[in-house]
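Chains as they are written, first to last, in the numbering used here: chain D, 1 to 117; chain F, 118 to 228. The beta-carbon is built from N, C-alpha and C at its ideal position, and this holds for glycine as well. Worksheet: one structure, shown below.
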């Protein structure tokens with residue numbers, strides 16, 4: 001199946017710093033990518049929809065100034081957690097639909113675990 | 118998108134078939150059934166999907182009832198590495214829309 005790659009897979013940072021997570025579609029183009037957050041023992045929660053060349057659409061309760069999303073090309077979307085705090089520690093996952101698929105399956109990255117000290 | 122109901126947990130002996138049920142009684146005619154799994158500390162992995170007919174690939178088989186109100190994911194020979202949370206999702210094809218994940222079924226494959 002289509003491959004979506006995230007980097008870094010894990011990161012530890014100090015409170016108040018910013019962290020950037022990259023999401024790449026390796027063998028297909030993705031005009032739309034999705035960013036999720038997952039807390040321990042909970043299901044995935046959609047944070048925002050990232051659209052190539054335009055502003056991201058954020059879900060209710062997600063601060064757009066804190067979670068900056070940039071989708072500058074058809075194969076790369078980035079999530080920057082600005083001024084991170086311990087409560088931002090979580091597992092962040094991106095996903096994209098594979099171009100050329102007529103049945104809409106979604107492919108996910110490996111996830112990025114953020115720990116804010 | 119149609120709502121799905123899955124048992125919260127299941128056990129399966131290693132080497133035996135794992136049969137994971139999903140109820141989607143309100144499914145509409147143009148909605149597909151998708152199955153994903155999430156192994157601990159990894160992103161969800163696509164397994165299989167179907168519309169009406171039964172489907173099989175290298176990972177699993179998907180059996181959809183004739184009325185499409187329920188389906189079963191079959192892992193023919195479960196291994197310890199199949200221990201994961203399995204999600205059944207029903208929705209129309211929409212490239213601009215995400216997938217909504219419910220609580221899924223936590224499958225434990227036991228030695």
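- For the options F:227, F:220, F:225, F:224, the alpha carbon positioned closest to that of residue 122 (chain F) is the one of F:220.
- Burial is judged here by how many other beta carbons sit within 10 angstroms of a residue's own beta carbon; residue 182 (chain F) has fewer than 16 and is exposed.
- For the 7 Å CB-CB criterion, residue 105 (chain D) and residue 166 (chain F) form a contact.
- Taking a Cβ-Cβ cut-off of 8 Å, residue 123 (chain F) has no neighbours in chain D, whose nearest Cβ is about 12 Å from it.
- When the Cα atoms are used, residue 13 (chain D) and residue 69 (chain D) turn out to be separated by approximately 19 Å.
- Of the residues F:120, F:125, F:139, the one whose Cα lies closest to the Cα of residue 188 (chain F) is F:139.
- Within the stretch 1–63 of chain D, the runs of beta strand (DSSP E) that reach at least 3 residues and sit entirely inside it are, in chain order, 4–7, 10–13, 19–25, 32–38, 45–51.
- At a cut-off of 7 Å between beta carbons, residue 53 (chain D) makes no contact with chain F.
- When Cβ-Cβ separations below 7 Å define contact, residue 32 (chain D) makes contact with chain F.
- Using a Cβ distance threshold of 7 Å, residue 147 (chain F) and residue 209 (chain F) count as a contacting pair.
- At least one CB atom of chain D sits nearer than 7 Å to the CB of residue 215 (chain F).
- For residue 115 (chain D), the beta-bridge partners assigned by DSSP are D:12.
- Judged by their CB atoms, residue 34 (chain D) and residue 215 (chain F) are nearer to each other than the 7 Å cut-off.
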